[in-house]
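J.:
Residue numbers (my numbering): 14 to 303.
Okay, structure coming up:
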């Protein structure tokens, strides 16, 4: 008898919610081809609700001292390490990579939160010389506002951490959208952020298609910055849609990575490196050697 498949919610304004459409997306284990979970298929109104929650929470989060913001990030890293084996199993189940690689990715996620938490003591401005002796010129670095994070399926945990952590430590709030193929790792990460006590609205998560959910995220005027890792084609579409309100963009897109071996190289070592570079994550990386 087949066990009941668990349904997960979206995280909007500190609450786990299901889509009003009632539609869901099956998350399939690529090894067994069995459905291991379901997530909501959000509509545009629900994406707007998440963006509005992030916008409303941002001023108070910006006023939170950086060291206090860092304490939340350190706590999230601690919780990731506490649950690292379970998180690695979730990652392998939905994405298909070997458990060994999943463990490395989960550790990398924790390290990302720790790394950016350290920036709490490095958020500084500048004082510039002035032509007027009675005037000082100061440059202050302020948060942008709401950040939209769009992550791929090949490194669902690490990419989410790498986008969410720097946004939070600098006083921005986030709406994140994971790949529909691998949303469960992000669900688990957001759960840990909630457990860490992150204030409601500071981090939100919506699930659904790029054509609808992603489009609303990047075209909505609330979004101040879009950070996305994915295909060049998707990046081009995002640039077009974001141009209507001139949102800032951080795009990590596809590319080619040659592997060059010089005549004086240690061929045995070069071969080992080439195999790892080509087949790490089954070759599904943006820096995979060609």
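Beta carbons: idealized from backbone N, C-alpha and C, even for Gly.
Determine the closest residue to residue 185 out of 44, 83, 256, with distance taken between C-alpha atoms.
T.: The candidate whose alpha carbon is nearest that of residue 185 is 83.
J.: Looking at the unbroken beta strand (DSSP E) that takes in residue 261, where does it start and where does it end?
T.: It spans 261–265 - the beta strand (DSSP E) in which residue 261 sits, taken as one unbroken run.
J.: Is it buried or exposed, residue 134, if we count other Cβ atoms within 10 angstroms and call 16 or more buried?
T.: Burial call: exposed.
J.: Can you look up residue 216 in the DSSP assignment and give me helix, strand or coil?
T.: The answer is strand: DSSP assigns residue 216 an E or B state.
J.: For a minimum of 3 consecutive residues, which ranges assigned as the beta strand (DSSP E) are wholly contained in the segment 223–270?
T.: Fully enclosed beta strand (DSSP E) runs of 3 or longer: 236–242, 261–265.
J.: Buried or exposed: where does residue 18 fall if 16 or more other Cβ atoms within 10 Å of its Cβ makes it buried?
T.: Under this definition residue 18 is an exposed residue.
J.: Would the beta-carbon of residue 177 fall within 8 Å of that of residue 189?
T.: Yes, the pair counts as a contact, with Cβ atoms nearer than the cut-off.
J.: Could you check if residue 14 is buried or exposed, using at least 16 other CB atoms within 10 Å of its CB as the buried criterion?
T.: Legend: pLDDT at residue 14 = 40, less than 50; position of this residue unreliable, no value from coordinates given.
J.: What separation, rounded to the nearest whole angstrom, lies between the Cα atoms of residue 81 and residue 42?
T.: So the two alpha carbons sit approximately 39 Å from each other.
J.: For residue 166, which option in 33, 302, 31, 295 has the closest C-alpha, if you only look at C-alpha atoms?
T.: Answer by Cα proximity: 295.
J.: For residue 202, report the span of its alpha helix (DSSP H) as first-last.
T.: Start and end: 197–208.
J.: So, residue 63 versus residue 38, is the Cβ gap smaller than 8 Å?
T.: No, Cβ-Cβ distance for residue 63 and residue 38 is not below 8 Å.
J.: Confirm, please, whether the CB-CB distance from residue 85 to residue 171 is below 8 Å.
T.: Not closer than 8 Å, so no.
J.: Can you give the Cα-Cα distance for residue 113 and residue 128, rounded to whole angstroms?
T.: The alpha-carbon atoms of residue 113 and residue 128 are separated by roughly 23 Å.
J.: Since residue 166 is in the beta strand (DSSP E), which residue starts that stretch and which ends it?
T.: Here residue 166 belongs to no beta strand (DSSP E), and DSSP marks it neither H nor E.
J.: Around the C-beta of residue 153, are 16 or more other C-beta atoms found within 10 angstroms, so that it is buried, or is it exposed?
T.: Residue 153 should be labelled exposed.
J.: Tell me the start and end of each unbroken alpha helix (DSSP H) in the segment 134–159 that is at least 4 residues and wholly inside, in chain order.
T.: For the segment 134–159, not a single whole alpha helix (DSSP H) run of length 4 or above is found.
J.: Mapping DSSP to helix, strand and coil, what is residue 39?
T.: DSSP places residue 39 in strand when its eight states are reduced to three.
J.: In the DSSP assignment, the alpha helix (DSSP H) including residue 103 goes from what residue to what residue?
T.: Note, residue 103: alpha helix (DSSP H), 97–108.
J.: Quick check on the burial criterion: 16 or more other C-beta atoms within 10 angstroms. Buried or exposed for residue 205?
T.: Buried: at least 16 other Cβ atoms inside 10 Å.
J.: Less than 7 Å between C-beta atoms, sequence neighbours within five positions excluded: which residues of the same chain meet that for residue 201?
T.: 100, 103, listed in sequence order.
J.: Take residue 221 and list the residues in its own chain whose beta-carbon comes closer than 6 Å to its own, dropping the five residues that flank it on each side.
T.: Only 54, 55 meet the Cβ criterion.
J.: Among the candidates 237, 213, 124, whose CA atom is the shortest distance from the CA of residue 155?
T.: Here the closest residue by C-alpha is 237.
J.: Among all the DSSP beta bridges, which residues are the ones paired with residue 302?
T.: Answer is 270.
J.: Run through the DSSP bridge pairs and tell me what residue 129 is partnered with.
T.: For residue 129, which the question treats as bridged, DSSP gives no partner whatsoever.
J.: Please list, in chain order, all residues of the same chain as residue 192 whose beta carbon is under 8 Å from its beta carbon, the five residues on each side excluded.
T.: Taken in chain order, the residues that qualify are 164, 165, 166, 169.
J.: My understanding is that residue 159 touches residue 68, with C-beta atoms under 8 Å, so please give their C-beta distance in whole angstroms.
T.: Sure, about 5 Å apart at Cβ, within 8 Å.
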